[in-house]
Each structure stands twice: as structure tokens, then as C-alpha cells.
Amino acid sequence: MTSTDERTSLRRSVTTTGLFLFILGDVLGAGVYVLAGEIAGIAGGALWVPLVVALLLALLTAGSYAELATKYPRAGGSSHYATRAFGPFAGFLVGFCMLSAGIVSVGALALGFAGDYLGAFVSLPTALVVIVFLGLLAALNTRGISESLGANRVATVIEVGGLLMVIVLGAIVIGRGEGDLGRLTELGTPENGPVAAVLAGTVLAFYSYVGFETSVNIAEETKDPARSYPRALFGALLVTGVVYALIGVVAAAAVPTAELAGSTAPLALVVEAAGIVPPVVFSAIALIAVANGALLTGIMSSRLAYGMATDALLPQVLTRILRGRRTPWVAILVTTALSIVLALTGTIDVLAGTMVLLLLVVFLSVNAAVLVLRRDRPGHRHYRVPVVLPIGGLVSCLLLMTQVEWAVWRLGLPFLAVAALLAGIAAWRRRRRPAEEAGRVDAA
Numbered sequence: 510m511t512s513t514d515e516r517t518s519l520r521r522s523v524t525t526t527g528l529f530l531f532i533l534g535d536v537l538g539a540g541v542y543v544l545a546g547e548i549a550g551i552a553g554g555a556l557w558v559p560l561v562v563a564l565l566l567a568l569l570t571a572g573s574y575a576e577l578a579t580k581y582p583r584a585g586g587s588s589h590y591a592t593r594a595f596g597p598f599a600g601f602l603v604g605f606c607m608l609s610a611g612i613v614s615v616g617a618l619a620l621g622f623a624g625d626y627l628g629a630f631v632s633l634p635t636a637l638v639v640i641v642f643l644g645l646l647a648a649l650n651t652r653g654i655s656e657s658l659g660a661n662r663v664a665t666v667i668e669v670g671g672l673l674m675v676i677v678l679g680a681i682v683i684g685r686g687e688g689d690l691g692r693l694t695e696l697g698t699p700e701n702g703p704v705a706a707v708l709a710g711t712v713l714a715f716y717s718y719v720g721f722e723t724s725v726n727i728a729e730e731t732k733d734p735a736r737s738y739p740r741a742l743f744g745a746l747l748v749t750g751v752v753y754a755l756i757g758v759v760a761a762a763a764v765p766t767a768e769l770a771g772s773t774a775p776l777a778l779v780v781e782a783a784g785i786v787p788p789v790v791f792s793a794i795a796l797i798a799v800a801n802g803a804l805l806t807g808i809m810s811s812r813l814a815y816g817m818a819t820d821a822l823l824p825q826v827l828t829r830i831l832r833g834r835r836t837p838w839v840a841i842l843v844t845t846a847l848s849i850v851l852a853l854t855g856t857i858d859v860l861a862g863t864m865v866l867l868l869l870v871v872f873l874s875v876n877a878a879v880l881v882l883r884r885d886r887p888g889h890r891h892y893r894v895p896v897v898l899p900i901g902g903l904v905s906c907l908l909l910m911t912q913v914e915w916a917v918w919r920l921g922l923p924f925l926a927v928a929a930l931l932a933g934i935a936a937w938r939r940r941r942r943p944a945e946e947a948g949r950v951d952a953a
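In terms of our numbering, the sequence shown opens at residue 510 and continues consecutively.
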């Protein structure tokens, strides 16, 4: 006889290795292709330092996700944890911040696609590239999830290979004596002292590590999540951190800091300095990496918008499905349109910083939820993080928020204000529902 739990729960088929590769593919890639130059412009030649610091801060919050994902191994993620700990208002606020962060991130990646990597092939107006690029991704997203994820698997292999190519070619430049290892200790710029440079650079570097938080949505399908999920999560982040640190080292040593900071295709400069692989080859790889990141994030954003509309938390029009393809075409069009507007009115660094700001709100709630839910006993074995880590995660999120520039706050605050307003409405409607149902029972 099949139990009710077995009929209604998802099948546990994801192994530790499979989960590790999923997280690695989600985290490693597009961000560093675009932002290495921006980080160098803030932190100086020692751009590897904020990349390592960002890893350490990401690991603090990852510890909180490891506990909550194994304690409550079900789809829903950050919004579910916030709802359990603080109620529906916080749950909606966190969900809306996740949605907004995805929309902003797609806008940033669209600008990255339209930059110097594409310039290696053709010179076109940025606005035209952004509109056509995001329109094509929306069309692929609308066509179907299987086609989108099939493209992702191929693109992930290519983008990881591109990063390894940069590391090898950069090492060759250094080995030939053409690099300058002295730049690796140049921390700070005329505008930022060493400490300010590290903190401000870490805000942008943090963008390169986000993505691990989406993995909690498949914890319900993981074999022995209490054992597998922490290993896969921490392992994937550590591998990513090593790759990014090596990227930071070879890029800073092989290319003058000013050149890195002035380019939207910073890693292509490392390839060019080596003179072994044609720069256009690497530019093609980078374009695939950026497109893959935008595609995955666009899929997440449209499905999250559809799911929130299905729960009556966003307008019902977002629940419309395309006949035949069974994809949420209205949600895809709306989220894509918002990303286009942001890309046409913003800059890469401001959009990336805004995405980090919105996720810092999410991470604050997750770290706090771990502490609040410590008294909750789920009745099964789960990973338990030392209490110092979520406290450190809370402090790190608040610290990074103090380093967010005013231009970023100016773009992020309207998102937070709308999130708070809609969260208040959602919480009020949820409180009214039991009273209305009770009234109908009494009338009957």
C-alpha cells in the first residue's frame, strides 16, 4: 500500500554528485566574465581579495541554507523559511525580493552581452542589442523548459571551460615573465583606501557567488539531504572560490589594472595578452556564458512570478499559459519587459549592486530564520550549523549593506517599497480569509 506521503512528495533521485554539479553550474560563470573589471576599478590590482572575502561571507549564509534546507527539505526556499519564522508578510517580502533580484540581474547581464565581448564581432547600438537579446531569450523561454535546460547544459560546459582557459593562459603570460606580480598586492585606489576598497569590491564580487540559494528548491528531491546537501553546497562554493581567486590572480598579473577597469570584457584581455587563442574565440565563449546566465535567471524569474500569481499574490494575468507549449507567456513577457527597461536606464555596476542589495535582504531573513526556528524540532535528522555562523551571516549582510552606493539604494528602495506594500496587502488578505470562511459557516 502506498502512503499518502509517498503519493504527494517528490521522488528523491538527486545524488550528492548531481546536486554538486547543479549548484556549481548555477554559481560558476557569467558574473565574473562581466564584473572582474568593475571589481578591479574599485579594489585595485589585488582584485582577488574581494573575491575571496565574498566567498567567506557567502559561506556564512550558505551554512544557514544548509540547516534550513535539510530541516525543511521541500520546494519554496527562502520565502518558505521566512514565512515559518516570521509570518506571511515576511514570506511575501522575501519572495518579491527574489523575483526583483532576478529581473535586475537579467538586465545587468543584457548590458554585459552588449559590451566589449560582442564588440569583438560587430558594433551595434546597446539599446538594439539589449532588446533583441532579451527578446530571443524570452522566445526560447516561452518555447519550453526542456529546450531551455538543454541549452543550459551545453552552455555550462562551455562557460566553465572558458574560465579554465583564462587561468591557463594567464599562467602562461606570468610564466613568460610578461606579467607583473606586484599588482597582486596593490589594494586600494585614489578614491578608496584598502579597507573601503575591499568592502566596496566585495559587494560587487558577491554577485558572482549568488545562485546557490536556488538549490534549496531541489532539496526535497535529494537522496539523504541531511548528508548530501551540505557537502554539495559547500563543495560547489569552495570550488567556485578557488576558480575565481585564480581568475583574479592571473587577470591582475597579466593585464594592467587600468585596462581591466576600463573594459566590459576584462577576461578577453588576458586571452589577448597570451597571444595563443584568438580573442574572438574567447569572446564567443563569454557571450555564451552571459546568455546562459540570463536564460537561467529569466526562467527563475518568470516561474516565480507565475507561482506568486497562482497564489493570488500578484495579478492573475500572470498565470496565463500558452496553449500547446504550456509555458507562462505573460509572466515571461512582463519580467522580460522590466529587465529591458532596467538595462536601458541603468549601468552594469548599479544593476549588479541592486541585485546584491535585494538578495542581502533575503539573506538577512534566512540567517535570522535559522535562529528563530532553532526551537522547532522537525522529527528527522538534519544538518545543524554552529550558531556563530548565522550570527556572522547577519553581521556580514548588514556590513555589506553599509557599503552599497547611493545610486544602488536609489534603484533598490522602490523595489523594497513595492515589496512591503504588496506584502502588507497579502498578509491582510490572508487574515481576512479565515474570518470570511467562518462567516459563511455561521450563515449556513
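Yeah, the Cβ is synthetic: ideal placement off N, Cα and C, and Gly gets one too. For clarity, every value in this text was computed on a predicted model and none was experimentally measured.
For phenylalanine 529, the enclosing alpha helix (DSSP H) has its first and last residue at 525-536. Secondary structure at glycine 750: helix, using DSSP grouped into helix, strand and coil. Proline 775 places its beta carbon less than 8 Å from that of alanine 545. The DSSP-derived three-state label of valine 786 is coil.
In the structure shown, lysine 580 falls within a helical segment according to DSSP collapsed to helix, strand and coil.
Across the set Val704, Ile667 and Phe872, the C-alpha of Val704 shows the shortest separation from the C-alpha of valine 558. Under the three-state reduction of DSSP, alanine 555 is assigned to coil, being neither helix nor strand. Asparagine 650: member of the alpha helix (DSSP H) spanning 635-652, first to last residue.
For valine 859, the enclosing alpha helix (DSSP H) covers residues 857-881. In the three-state reduction of the DSSP assignment, valine 719 falls in the coil class. Burial of arginine 812 is indicated by the presence of at least 16 other C-beta atoms within 10 angstroms of its C-beta.
Using a Cβ-Cβ distance cut-off of 8 Å, the region 801-819 and the region 565-583 are not in contact, since fewer than three pairs of beta carbons, one from each stretch, lie closer than that value. Judged by DSSP secondary structure, aspartate 625 falls within the alpha helix (DSSP H) whose first and last residues are 625-628. Look at the beta carbons and you see the region 659-677 not touching the region 824-838: under three pairs across the two are nearer than 8 Å.
With a 10 Å radius around the Cβ and a threshold of 16 neighbouring Cβ atoms, phenylalanine 622 comes out buried. Only residues of its own chain outside the window of five on either side were considered, and among them Leu556, Ala760, Ala761, Thr766, Leu769, Ala770 and Pro775 have a CB closer than 8 Å to the CB of alanine 549, listed in chain order.
When the Cα atoms are used, proline 899 and valine 615 turn out to be separated by approximately 29 Å.
For histidine 589, the secondary structure class from DSSP, reduced to helix, strand or coil, is helix. Distance between leucine 925 and leucine 568, taken at the CA atoms: about 25 Å. Distance between alanine 610 and tyrosine 753, taken at the CA atoms: about 22 Å. The continuous alpha helix (DSSP H) containing leucine 608 extends over residues 597-622.
The beta carbon of methionine 864 sits closer than 7 Å to the beta carbons of Ala610, Val613, Ser614, Ala617 and Tyr716 from its chain, once the five residues preceding and following it are set aside; these are given in chain order. Short of 6 Å from the beta carbon of serine 573, and not among the five residues preceding or following it, lie these beta carbons of its own chain, in chain order: Val875, Asn876, Val879, Pro899 and Gly902. For the 8 Å CB-CB criterion, phenylalanine 598 and glycine 933 form a contact. When the five nearest sequence neighbours on each side are left out, the beta carbons in the same chain lying within less than 6 Å of the beta carbon of alanine 594 are those of Ala878, Val881 and Leu882, in order along the chain. Excluding five sequence positions before and after alanine 929, the CB atoms of its chain that fall closer than 8 Å to its own CB belong to Leu602, given in chain order. In the three-state reduction of the DSSP assignment, isoleucine 830 falls in the coil class, being assigned neither a helical nor a strand state.
Alanine 539 places its beta carbon 8 Å or farther from that of serine 848. A straight line joining the alpha-carbon of isoleucine 785 with that of tryptophan 918 spans about 43 Å. Taking 8 Å as the cut-off, the Cβ atoms of isoleucine 532 and phenylalanine 791 do not count as close. Taking a C-beta distance under 8 Å as the contact criterion, valine 536 and tyrosine 718 qualify as a contact pair.
With 16 or more other CB atoms across the displayed protein chains lying within 10 angstroms of its CB, arginine 692 is buried. Contact check for leucine 649 against leucine 851 fails: the beta carbons are separated by 8 Å or more. Valine 682 and alanine 782 have their C-alpha atoms spaced approximately 7 Å apart.
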